[in-house]
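Engineer: The listed protein sequences correspond, in order, to chains A and B. With my numbering as the guide, the letters of the first sequence map in order to residues 1 to 86. With my numbering as the guide, the letters of the second sequence map in order to residues 87 to 183. Here you go, one structure.
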Amino acid sequence: MHLKSTARSYSTVTKILHWLTAVLVVTCWMLGVLTDDFLKTASRTVTIFAHIAVGLTLLDVLVLRALWRAMSSPPSAERRYLGYGP
Amino acid sequence: MGRLMHYVLYAMLLMVPVTGILLQFSYGKGLPLYGVAEIPSSLAFDAKLGSIMMEVHKFSGHALMILAAAHALAALVHHYVFRDRALVRMLPRSNGS
Numbered sequence: 001m002h003l004k005s006t007a008r009s010y011s012t013v014t015k016i017l018h019w020l021t022a023v024l025v026v027t028c029w030m031l032g033v034l035t036d037d038f039l040k041t042a043s044r045t046v047t048i049f050a051h052i053a054v055g056l057t058l059l060d061v062l063v064l065r066a067l068w069r070a071m072s073s074p075p076s077a078e079r080r081y082l083g084y085g086p
Numbered sequence: 087m088g089r090l091m092h093y094v095l096y097a098m099l100l101m102v103p104v105t106g107i108l109l110q111f112s113y114g115k116g117l118p119l120y121g122v123a124e125i126p127s128s129l130a131f132d133a134k135l136g137s138i139m140m141e142v143h144k145f146s147g148h149a150l151m152i153l154a155a156a157h158a159l160a161a162l163v164h165h166y167v168f169r170d171r172a173l174v175r176m177l178p179r180s181n182g183s
C-alpha cells in the first residue's frame, strides 16, 4: 500500500479508483444495452434501476478521482515515442 | 497522445451521467438514489429535450466504451511494443520503489 504515485507505479488509491471506474463503466454500459435492445418494456424496470444505481456510483467515483487528483500529483508520463507524448 | 486521450475519456465519463440525469428529469421522472431516496424532477416535462438527451446519452455511452477499448489497446501497445511501464504501473501488484 503506497499513497504516492511514482514513474514506476501509481498509488494504491489511484489504482483502486481506476479499476473501479473500469468495472463500473462496463457494467453500466451492459445494463444500458440490455435494457434498450434486449428486454421487453415490462421487464425493463429492474435493469433501469440497476443501471441508474451503478451510474450514480460511477459519478461518485469520478468525484473521488477528481478530489484525489487534486490532492496528489500524478507521475510523469512515459518518454516520447514516434514524436508523441508530453 | 495519452494526455489527449485521458481528457476525452474524462469528458465522456462526465457527459454520460449528466445527460442520463437530464433525460430522466426532462421526461418528468425523478432520480432514484439506490432505492433509499429519490430526487424529484427539477425540470418541466419536455419530451423533445428528453429524446435529444437520450440520443446524446446513448451516443456518448457507446463512444466511452470504444474509447475505453482504445485506451486498453494503447496500454497493451505500450507493454508489448514500447516495452515500458505504462500498463504495469497501473496493475495491482506493481511496486513504487
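Think of the CB as a built atom: it goes at the ideal place given N, C-alpha and C, for glycine as much as any other residue. All figures in this text were calculated on a predicted structure; none of them were measured in a lab.
Residues bridged to residue 118 (chain B) by DSSP?
Structural biologist: The residue given as residue 118 (chain B) occupies position 32 in the second sequence. Note: residue 118 (chain B) sits in a beta bridge opposite B:124.
Engineer: By alpha-carbon positions, which one of A:30, A:47, A:44, A:39 ends up nearest to residue 150 (chain B)?
Structural biologist: The count along the second sequence starts at 1 and reaches residue 150 (chain B) at position 64. Of the residues A:30, A:47, A:44, A:39, the one whose Cα lies closest to the Cα of residue 150 (chain B) is A:30.
Engineer: Excluding five sequence neighbours on each side, which residues of the same chain lie with their C-beta closer than 6 Å to the C-beta of residue 55 (chain A)?
Structural biologist: On the first sequence, position 55 is the one that residue 55 (chain A) refers to. Once the five neighbours on either side are set aside, the close Cβ partners of residue 55 (chain A) are 28.
Engineer: What is the C-beta distance between residue 148 (chain B) and residue 105 (chain B), in whole angstroms, given that I count them as a contact (C-beta under 8 Å)?
Structural biologist: Working through the second sequence from its first residue, we reach residue 148 (chain B) at position 62. Working through the second sequence from its first residue, we reach residue 105 (chain B) at position 19. In fact, because the Cβ distance is near 13 Å, the residues do not count as touching under 8 Å.
Engineer: According to DSSP, is residue 30 (chain A) helix, strand or coil?
Structural biologist: For the purposes of this step, residue 30 (chain A) is taken as the residue at position 30 of the first sequence. Shown here, residue 30 (chain A) sits in a helix according to DSSP, grouped into three states.
Engineer: So, does the CB of residue 136 (chain B) fall closer than 8 Å to a CB anywhere in chain A?
Structural biologist: On the second sequence, residue 136 (chain B) is found 50 positions in, with the first residue counted as 1. Under the 8 Å criterion on CB atoms, residue 136 (chain B) is classed as non-interfacial with respect to chain A.
Engineer: Answer with yes or no whether the minimum CB distance from residue 72 (chain A) to chain E is below 8 Å.
Structural biologist: Considering every chain present, this structure includes no chain E. Its protein chains are A and B.
Engineer: Roughly how far, in whole angstroms, is the beta-carbon of residue 94 (chain B) from the beta-carbon of residue 153 (chain B), given that I think they are within contact range, below 8 Å?
Structural biologist: Looking up residue 94 (chain B) in the second sequence gives position 8. Looking up residue 153 (chain B) in the second sequence gives position 67. That pair is a contact at about 6 Å.
Engineer: Would you please verify whether the beta carbon of residue 25 (chain A) is less than 8 Å from any beta carbon of chain B?
Structural biologist: Sequence index remark: in the first sequence, residue 25 (chain A) carries index 25 (1-based). At least one chain B Cβ lies under 8 Å of residue 25 (chain A).
Engineer: Please go through the same chain and pick out, in chain order, the residues whose beta-carbon is closer than 8 Å to the beta-carbon of residue 131 (chain B), but skip the five residues on each side of it.
Structural biologist: On the second sequence, residue 131 (chain B) is found 45 positions in, with the first residue counted as 1. So the list reads 112, 113, 114, once near-sequence residues are dropped.
Engineer: If you count every other CB in all the chains shown that lies within 10 Å of the CB of residue 92 (chain B), and 16 or more means buried, which is it?
Structural biologist: Taking the first residue of the second sequence as 1, we reach residue 92 (chain B) at position 6. Residue 92 (chain B) is exposed by the Cβ-count criterion.
Engineer: Under 8 Å Cβ to Cβ from residue 3 (chain A), same chain only, skipping five residues before and after it: list those, please.
Structural biologist: Looking up residue 3 (chain A) in the first sequence gives position 3. So the list reads 11, 12, 13, 72, once near-sequence residues are dropped.
Engineer: So that I know if they touch, is there some Cβ in chain B lying closer than 8 Å to that of residue 9 (chain A)?
Structural biologist: Position 9 of the first sequence, counted from the start, is the residue given in the question as residue 9 (chain A). True, the Cβ-Cβ gap to chain B drops below 8 Å.
Engineer: At the 8 Å Cβ level, is residue 50 (chain A) part of the contact set with chain B, yes or no?
Structural biologist: Within the first sequence, residue 50 (chain A) is the residue found at index 50, counting from 1. No, residue 50 (chain A) lies away from the interface with chain B (no Cβ there is under 8 Å from its Cβ).
Engineer: Do residue 53 (chain A) and residue 120 (chain B) come within 8 Å of each other at the CB atom, strictly closer than that value?
Structural biologist: Here residue 120 (chain B) corresponds to residue number 34 of the second sequence, with the count starting at 1. Here residue 53 (chain A) corresponds to residue number 53 of the first sequence, with the count starting at 1. A contact, by the Cβ cut-off of 8 Å.
Engineer: Tell me which residue opens and which closes the alpha helix (DSSP H) that residue 36 (chain A) is part of.
Structural biologist: As a first step, residue 36 (chain A) is located in the first sequence; it is residue number 36 there, counting from the start. Where residue 36 (chain A) is concerned, there is no enclosing alpha helix (DSSP H), given that its DSSP letter is neither H nor E.
Engineer: Does the beta-carbon of residue 61 (chain A) have 16 or more other beta-carbons within 10 angstroms, so that it is buried, or is it exposed?
Structural biologist: The sequence position of residue 61 (chain A) within the first sequence is 61, counting from 1. By the 10 Å Cβ count, residue 61 (chain A) comes out buried.
Engineer: Report the rounded CA-to-CA distance for residue 43 (chain A) versus residue 9 (chain A), giving the unit in angstroms.
Structural biologist: For the purposes of this step, residue 43 (chain A) is identified with residue 43 of the first sequence, where counting begins at 1. For the purposes of this step, residue 9 (chain A) is identified with residue 9 of the first sequence, where counting begins at 1. Using only the alpha carbons, I get a separation of about 44 Å.
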